[in-house]
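Reading through the structure tokens given below for one structure.
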Amino acid sequence: MSIEIEMENIGGFKSSKTFKLEEGLNVIEAPNAGGKTSFIKGIRTMLLPPTVLEANRDFLNILAKSGNVTIKIDREKYSRDIIDVGGRLSVSGKSIVDDGETVDSLCVATRENKLLDLVEKGESLKTQLEEFSGVKYYRMALSPFVLKKKLNQTNTELSRQNEEYVRLKEYKKQLATIQKNKEKLEKEKEKLPEIPKADSASLRKNQNVLQEKTKERTELEVLIDDINKNIIDRGDWIKVKETDIAECKKQIEEFKARHPNFDKEIADLEAKIQNLTLERNTIQSKRSYFVFSLDSIRKAQIGAAKSKMEKCPVCDRPLTIEHLRKEEQKRQREYDQSTKEVGILNKQIEEKELEKDNILQEHQRIKTGMDKGSIKWLDDSERRLKDLKRERENFIKKKEENEEKLSMAKKEIEELRKGLDPAVIDTIKKHSELEIGLGILESDISRTEKAIKERGEVGEMIQKLDKRKVFLTSLMAFFQHESERRIKEAVAAFNEKVMEIYKLLEFEDFEKIYIDDYNYEVNVIRKKEGRSIKQPIKSLSSTERESIGMILMLAGKEKYMPNFPLFVLDAVSEDYDQTRLERFIKYLKSKVSYVVVTMLSPRAKSDKITIKHSL
Amino acid sequence: MGNEKIIEAAQKIVELLKKEKFSEGKELTKSAEVKLDEIIESYISKGEE
């Protein structure tokens, strides 16, 4: 089995180069600037996600406009093209793995390796642990743009549906009242005497026309009354809408005034959070040193009592109990002060995170939300306001037309009344009023029934939204709990594997190497003169830090990428002594199918890049 | 709703975010949002079964 890699215009390569890796150890030898880093860049081109490659122009030869890498592994062929588009790279083709960034951090030991870099600087490994254990996606799910957004939408819809439910209850109450009124009118109608028949044919005709005209007049009066109500109603709505629109505009303007440069403000907040985190991590590291000092002083107190020590282990002054007590008090004060400062910084970080989240949420609500205060709501409301004004004008026009008709009907009725019995006229009027009244009530009933029917599913909808709310809340609680659990699990797994590998490599300098689960920093416990001394990683030598970084990479690979067949050890190996390097290679050969180690070729031997294979 | 359904749904959401190459501080695309709603709805109905 072998891996064939072909790369064109990658890194320092100006043309096409082909490499073949065999199972076992592959030593890439080349002089300085002979292509070792370019070879590794070719491999990383096939691992890293486009977003990372696009921002790193140096993956492509400085003189080239496009490049390509093709890898054949186990009959599978993967190919990727990179093109220079105005100084940025555009990438096409798939990575050979889904979690390319994790593989890059755990299987490609270069000077650019993120994990090695953090260990070298003695910084927190939290971001890397989140990346390896997939926690970063759990955190993203909780961001204001994913589940929080869904929960907010659900809550908004739920409160809308609850308002509809209140309306539904009001409609049901109204319906009962209307039905009662209708029954009352029907009873009144039953009691009303019949309209007596007139004696002559002409009077009978007049009586019939009067009956029709009276009905028409009552209808017109009811209609005008209804139109009046509509005019008042639209007037009220216009006032409310105008107030709401002014309020909404004010909210949007206020947001713009508060955040005139939104993108910059968010970037500044992110930078502030980063700085505060950095400051907190520095103080936390100092705190580890204070713990170490306190421990040393306390041990020295025992040593001094037994007259075994002559100099203070912290400041090298002559050792007296009095001096040690003062030093202990000083360190204790410094430790307490740093604990207080860490607490304050943690609070500030939390506050800034909250501030950022709130601004993002508000911005998103204004930009894409549907509720009051959003641009969409403002547009809809302004359209609705125009409609309302138009409707009001139409009603006023309709009222004028009907008032004219009413005045004509009244005149005609006056004419028709002449010669008719006043008692008959009164009965006709009462009949007409009752009929119209009943008609109105019937139309009210049908309108209310329709409104009730339209809200028929409100109860069901509320139940559904309640379930959605409960589900989203549980899901968010699970994501929160799971991110905390996973990161702790990652720390535990790393710590267990690190010591296992450390023993297999037969290294003996440290009693324990571990990542603490508070700051996620690496610490060691060193055995010295029969005592166990805790040391933060920063206090170790560069070679020790590099070895620990490598062991962490191997531990991570075993836990998160056990089946990835390749491990690349770049020029970092130049810092290892022969024994260490041999032990690492021996270990790698027992765990990985293809081990690639880059080496400086012996002087004047060759100026070309070569691969030596060995099982 | 059983915890296993929550775990399954969470897994699907994580897969979706990975597939969509979602990064922090960015909004989901419209199609990703539709898929997210589908996942949520399908697990709510599974909870009712």
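Residue numbers (the working numbering), protein chains in the order written: chain A, 1377 to 1991; chain B, 51 to 99.
All residues carry an ideal CB built from backbone N, CA and C; glycine is no exception.
N-terminal and C-terminal residue of the beta strand (DSSP E) that residue i is part of
{"i": "A:N1444", "result": "S1442 to I1449"}
{"i": "A:F1886", "result": "F1886 to I1891"}
{"i": "A:P1569", "result": "No beta strand (DSSP E) contains A:P1569, which DSSP labels as neither H nor E."}
{"i": "A:F1943", "result": "L1942 to L1945"}
{"i": "A:F1395", "result": "S1392 to E1398"}
{"i": "A:V1898", "result": "V1898 to K1904"}
{"i": "A:I1472", "result": "No beta strand (DSSP E) contains A:I1472, which DSSP labels as neither H nor E."}
Where residue i falls: helix, strand or coil (DSSP)
{"i": "A:M1422", "result": "coil"}
{"i": "A:L1652", "result": "helix"}
{"i": "A:A1409", "result": "coil"}
{"i": "B:A59", "result": "helix"}
{"i": "A:S1949", "result": "Because the pLDDT at A:S1949 is just 48, under 50, the model does not fix this residue reliably, and the point stays unresolved."}
{"i": "A:V1522", "result": "coil"}
{"i": "A:Y1547", "result": "helix"}
{"i": "A:L1957", "result": "helix"}
{"i": "A:A1485", "result": "strand"}
{"i": "A:E1380", "result": "strand"}
7 Å Cβ cutoff, residue i in contact with chain B
{"i": "A:R1844", "result": "yes"}
{"i": "A:Y1513", "result": "yes"}
{"i": "A:S1850", "result": "yes"}
{"i": "A:V1948", "result": "Interpretation of A:V1948 is limited by its pLDDT of 48, a score under 50 that renders its predicted location unreliable; the figure taken from the coordinates is listed afterwards. No, its Cβ sits nowhere closer than 7 Å to a Cβ of chain B."}
{"i": "A:F1521", "result": "yes"}
{"i": "A:M1746", "result": "no"}
{"i": "A:F1854", "result": "yes"}
{"i": "A:A1517", "result": "yes"}
{"i": "A:F1631", "result": "no"}
{"i": "A:A1980", "result": "Its pLDDT being 49, under 50, A:A1980 is placed unreliably by the model, and the measurement read from it follows with that caveat. For A:A1980, the answer is no, since every Cβ of chain B falls outside 7 Å of its Cβ."}
{"i": "A:F1960", "result": "no"}
{"i": "A:F1847", "result": "yes"}
Distance, residue j Cα to residue i Cα
{"i": "A:P1520", "j": "A:K1490", "result": "28 Å"}
{"i": "A:K1879", "j": "A:L1976", "result": "29 Å"}
{"i": "A:L1700", "j": "A:K1675", "result": "10 Å"}
{"i": "A:E1499", "j": "A:F1847", "result": "38 Å"}
{"i": "A:K1556", "j": "A:Q1587", "result": "27 Å"}
{"i": "A:E1430", "j": "A:K1648", "result": "26 Å"}
{"i": "A:S1949", "j": "A:S1908", "result": "Bear in mind that the predicted position of A:S1949 carries a pLDDT of just 48, short of 50, making it unreliable; the figure below should be weighed with that in mind. Approximately 29 Å, taken between the alpha carbons."}
{"i": "A:E1767", "j": "A:V1616", "result": "16 Å"}
{"i": "A:D1457", "j": "A:N1444", "result": "4 Å"}
{"i": "A:H1635", "j": "A:R1656", "result": "28 Å"}
{"i": "A:E1818", "j": "A:K1558", "result": "8 Å"}
{"i": "A:K1935", "j": "A:I1877", "result": "12 Å"}
{"i": "A:G1815", "j": "A:S1822", "result": "11 Å"}
{"i": "A:Y2011", "j": "A:F1389", "result": "Examination of residue 2011 of chain A is not possible in this model, given that chain A is present from 1377 through 1991 alone."}
{"i": "A:L1841", "j": "A:E1833", "result": "12 Å"}
{"i": "A:L1916", "j": "A:F1943", "result": "26 Å"}
{"i": "A:L1518", "j": "A:T1986", "result": "49 Å"}
{"i": "A:V1511", "j": "A:S1859", "result": "5 Å"}
{"i": "A:T1619", "j": "A:I1720", "result": "44 Å"}
{"i": "A:L1568", "j": "A:D1802", "result": "11 Å"}
Chain A within 7 Å of residue i, Cβ atoms only
{"i": "B:V84", "result": "no"}
{"i": "B:E54", "result": "no"}
{"i": "B:L67", "result": "yes"}
{"i": "B:E88", "result": "no"}
{"i": "B:E77", "result": "yes"}
{"i": "B:E74", "result": "yes"}
Spatial neighbours of residue i in its chain, beta-carbon cut-off 6 Å, leaving aside the 5 residues before and after
{"i": "A:K1565", "result": "L1810"}
{"i": "A:E1897", "result": "S1500"}
{"i": "A:F1940", "result": "V1479 and C1483"}
{"i": "A:I1459", "result": "S1442 and S1466"}
{"i": "A:T1394", "result": "E1382"}
Element boundaries [alpha helix (DSSP H), containing residue i]
{"i": "A:D1820", "result": "P1798 to E1830"}
{"i": "A:I1992", "result": "Residue 1992 of chain A is absent from the model: chain A starts at 1377 and stops at 1991."}
{"i": "A:R1921", "result": "S1918 to Y1936"}
{"i": "A:L1880", "result": "V1834 to L1880"}
{"i": "A:S1466", "result": "Here A:S1466 belongs to no alpha helix (DSSP H); instead the beta strand (DSSP E) covers R1464 to S1468."}
{"i": "A:Y1514", "result": "V1511 to A1517"}
{"i": "A:K1743", "result": "I1697 to T1744"}
Cβ neighbours of residue i in the same chain (closer than 8 Å, five flanking residues each side left out)
{"i": "B:L86", "result": "I63, L66 and L78"}
{"i": "A:A1980", "result": "Bear in mind that the predicted position of A:A1980 carries a pLDDT of just 49, short of 50, making it unreliable; the figure below should be weighed with that in mind. Within the same chain, A:A1980 has no close Cβ partners at all."}
{"i": "A:I1621", "result": "L1754, S1757, E1758 and L1761"}
{"i": "A:K1728", "result": "L1645, K1648, I1649 and L1652"}
Beta-carbon proximity list for residue i, same chain, < 7 Å, skipping 5 on both sides
{"i": "A:M1937", "result": "T1478, V1479, L1482 and C1483"}
{"i": "A:I1772", "result": "I1607"}
C-beta neighbour in chain E for residue i, strict 7 Å
{"i": "A:F1666", "result": "No chain E is part of this structure, whose protein chains are labelled A and B."}
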